[in-house]
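Asks: Residue numbers (our numbering): 11 to 409.
Even glycine gets a Cβ: it sits at the ideal position worked out from N, Cα and C.
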């Protein structure tokens, strides 16, 4: 009997100890390091905690100095980075990090924005805060609930919060040259919320032919522009007049001096050592390009000539053109009668032409000595392996 009584006392002590430990375990979640409240959840504010930095991809320009050294300039994305912030907000941006402030949030089981469940880690917060990142899957096109909903073991709380769409951003385009009523296709992001597009420098409206979030087709207007970015007007939350300006710039060929677009400009013709033709099967814009063939084993020059006054280079800023390369990568060299003779051995302005793709060049006329030129083009040292055909399009002078 004594043994049984002793065992009973020990059992009572063990059970009491387990109850205390169990109560302590319920009172405090050791894995999270805080004690969750048992009342209904409350959200008092949302504040920015940090943002991921990403910017748009832009066009690369190739220029040449007076010594002929090539230089490429590209406004590139800065390295993706995390920038800490701390301010109360009622709006958020995709891929940025925010903190919910309130109480009784420690037992949260679900966080949803605009009806989409958002991942969060309770161990990173406390009973008075939850930290989350807005994923790119959150819908932003209005109408939306524009709410954050937090569900805990003890209730649900809804808080007004608007996720803003990304600003319209041009990443690539079918061409950067246009004429009145021509079409340009843009790819990028944020186009679905765009309500209008206009030329930044002169204000004429382009016509939106079609749009999705990642693509847009524009019918370009008659304009007074020469070189211009685009201004996008779009809806951002409740702001129906938000604006974004493209870093990409577009050339109105109607206001340029044209040497070759879909055909030769007034008074211009082929001035070439090798065979040339107007190609109606290959074009960067419009329907045609200037096809120049360089025969294997020759040192030859192909280009353009005129019986008129020559290039009015002093009245313009850039020589602009597209080239589609041949079967291999090549270096072409600018040649002109005003640069010591058309087809001479001048290598001071090299043009690096990648194989098989269209490449855009915009050369400052101040370095080219083309004023009054009646014959200019490009010569090649070779080709050595096979005949090569290059396609030139939108050869113009731009102000």
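Select from 332, 51, 245 the residue whose C-alpha is nearest the C-alpha of residue 115.
Replies: Counting from 1 along the chain shown, the entry for residue 115 is found at position 105. Closest by alpha carbon: 51.
Asks: DSSP three-state call for residue 146: helix, strand or coil?
Replies: Mapped onto the chain shown, residue 146 falls at position 136. Looking at residue 146 - three-state DSSP - the assignment turns out to be coil, as it is neither helix nor strand.
Asks: So residue 176 and residue 204 are in contact, right, with Cβ under 8 Å, and what is the actual spacing, rounded?
Replies: Start at 1 with the first residue of the chain shown, and residue 176 comes out as number 166. Start at 1 with the first residue of the chain shown, and residue 204 comes out as number 194. That belief does not hold up - the Cβ atoms of residue 176 and residue 204 are roughly 11 Å apart, past 8 Å.
Asks: Threshold first: 3 residues or longer. Then list the beta strand (DSSP E) segments lying entirely within the segment 311-376, N to C.
Replies: Counting only runs of 3 or more, we get 328-334, 340-346, 360-363, 368-374.
Asks: Could you give the DSSP three-state label for residue 228: helix, strand or coil?
Replies: Here the question's residue 228 lines up with position 218 in the chain shown. DSSP places residue 228 in strand when its eight states are reduced to three.
Asks: Output needed for residue 385: all residues of its chain with C-beta closer than 6 Å, excluding positions within five of it in sequence on either side, in chain order.
Replies: Working through the chain shown from its first residue, we reach residue 385 at position 375. Counting only Cβ-Cβ distances below 6 Å, and skipping sequence neighbours, we find 281, 315, 347, 352.
Asks: Does DSSP classify residue 189 as helix, strand or coil?
Replies: The residue you call residue 189 lines up with position 179 of the chain shown. Coil at residue 189, not helix or strand.
Asks: If contact is defined by three or more beta carbon pairs under 8 Å, each pair taking one atom from either stretch, is the segment 291-299 in contact with the segment 396-406?
Replies: Segments in contact, yes.
Asks: Pull the bridge partners of residue 105 from the DSSP assignment, please.
Replies: Position 95 of the chain shown holds residue 105. DSSP output for residue 105 lists no bridge partner at all.
Asks: Ends of the beta strand (DSSP E) at residue 260?
Replies: Numbered from its first residue, the chain shown carries residue 260 at position 250. Residues 249-262.
Asks: Per DSSP, residue 111 forms a beta bridge with which residues?
Replies: Reading the chain shown from its first residue, position 101 is the one you call residue 111. 55, 139, per the DSSP bridge assignment.
Asks: Per DSSP, which residues does residue 403 bridge with? Please list them.
Replies: Residue 403 sits at position 393 when you count from the first residue of the chain shown. Note: residue 403 sits in a beta bridge opposite 332.
Asks: On the CB-based measure, 16 or more other CB atoms within 10 Å of its CB, does residue 395 come out buried or exposed?
Replies: Your numbering for residue 395 matches position 385 in the chain shown. Answer is exposed; the Cβ neighbour count stays below 16.
Asks: Could you spell out where the beta strand (DSSP E) holding residue 240 opens and where it closes?
Replies: In the chain shown, the residue the question calls residue 240 occupies position 230. That run of the beta strand (DSSP E) goes 237-246.
Asks: Of the residues 361, 313, 222, which one's Cα is nearest the Cα of residue 151?
Replies: For the purposes of this step, residue 151 is taken as the residue at position 141 of the chain shown. Residue 151 has its Cα closest to that of 222, out of 361, 313, 222.
Asks: Note down the Cα distance separating residue 101 from residue 360, rounded to an integer number of angstroms.
Replies: Start at 1 with the first residue of the chain shown, and residue 101 comes out as number 91. Start at 1 with the first residue of the chain shown, and residue 360 comes out as number 350. Cα to Cα, the separation comes out at about 51 Å.
Asks: Taking 8 Å as the limit between beta carbons, can you name the residues of its chain near residue 108, skipping five residues before and five after?
Replies: Start at 1 with the first residue of the chain shown, and residue 108 comes out as number 98. Closer than 8 Å at Cβ, skipping near neighbours: 56, 57, 58, 59, 99, 102, 141, 142, 143, 144.
Asks: Can you tell me the Cβ-Cβ gap for residue 271 and residue 247, rounded? I've got them flagged as a contact below 8 Å.
Replies: Counting from one through the chain shown, the residue named residue 271 turns up at place 261. Counting from one through the chain shown, the residue named residue 247 turns up at place 237. The pair is not a contact, with the Cβ atoms about 43 Å apart (cut-off 8 Å).
Asks: Mind checking which residues open and close the beta strand (DSSP E) that includes residue 391?
Replies: In the chain shown, counting from the first residue as 1, residue 391 sits at position 381. Start and end: 385-391.
Asks: Could you tell me which whole alpha helix (DSSP H) segments of length 4 or greater appear in the segment 271-311?
Replies: As far as the segment 271-311 is concerned, it has no whole alpha helix (DSSP H) run of at least 4 residues.
Asks: Across which residues does DSSP place residue 165 in a beta bridge pair?
Replies: On the chain shown, residue 165 is found 155 positions in, with the first residue counted as 1. According to DSSP, which records beta bridges pairwise, residue 165 is partnered with 162.
Asks: Are the CB atoms of residue 173 and residue 104 nearer to each other than 8 Å?
Replies: The count along the chain shown starts at 1 and reaches residue 173 at position 163. The count along the chain shown starts at 1 and reaches residue 104 at position 94. Result yes, Cβ atoms of residue 173 and residue 104 sit closer than 8 Å.
Asks: Does the beta-carbon of residue 337 have 16 or more other beta-carbons within 10 angstroms, so that it is buried, or is it exposed?
Replies: Counted from its first residue, the chain shown places residue 337 at position 327. Classification for residue 337: exposed.
Asks: Pull up the distance between the alpha-carbon of residue 424 and that of residue 249, whole angstroms please.
Replies: Any property of residue 424 remains undetermined from this structure, which presents the chain solely from 11 to 409.
Asks: I'd like the list of long-range same chain contacts for residue 1, defined as Cβ closer than 6 Å, with 5 residues on each side in sequence excluded.
Replies: Because the chain here runs from 11 to 409, residue 1 falls outside it and cannot be looked at.
Asks: Distance, Cα to Cα, residue 200 vs residue 225?
Replies: Stepping through the chain shown from its first residue, residue 200 is reached at position 190. Stepping through the chain shown from its first residue, residue 225 is reached at position 215. Distance between the alpha carbons of residue 200 and residue 225 is about 9 Å.
Asks: Is it buried or exposed for residue 46, if we count other Cβ within 10 angstroms and need 16 for buried?
Replies: Counted from its first residue, the chain shown places residue 46 at position 36. Flag for residue 46 reads buried.
Asks: Here's a check: name, in chain order, each residue in its chain whose Cβ is nearer than 8 Å to the Cβ of residue 97, leaving out the five neighbours to either side.
Replies: Numbered from its first residue, the chain shown carries residue 97 at position 87. 57, 58, listed in sequence order.
Asks: Given 8 Å as the limit, is there contact between the segment 375-382 and the segment 255-270, that is, 3 or more CB pairs closer than that?
Replies: The segment 375-382 is not in contact with the segment 255-270.
Asks: How big is the Cα-Cα spacing for residue 389 and residue 128?
Replies: Within the chain shown, numbered from 1, the residue matching residue 389 stands at position 379. Within the chain shown, numbered from 1, the residue matching residue 128 stands at position 118. Answer to the nearest angstrom: the Cα atoms are 60 Å apart.
Asks: Along the beta strand (DSSP E) that carries residue 221, what are the first and last residues, could you check?
Replies: Position 211 of the chain shown holds residue 221. Counting along the chain, the beta strand (DSSP E) containing residue 221 begins and ends at 215-221.
Asks: Judging by CA-CA distance, which residue of 234, 251, 185 is the nearest neighbour of residue 260?
Replies: As a working mapping, residue 260 is identified with position 250 in the chain shown. Considering only alpha carbons, the answer is 185.
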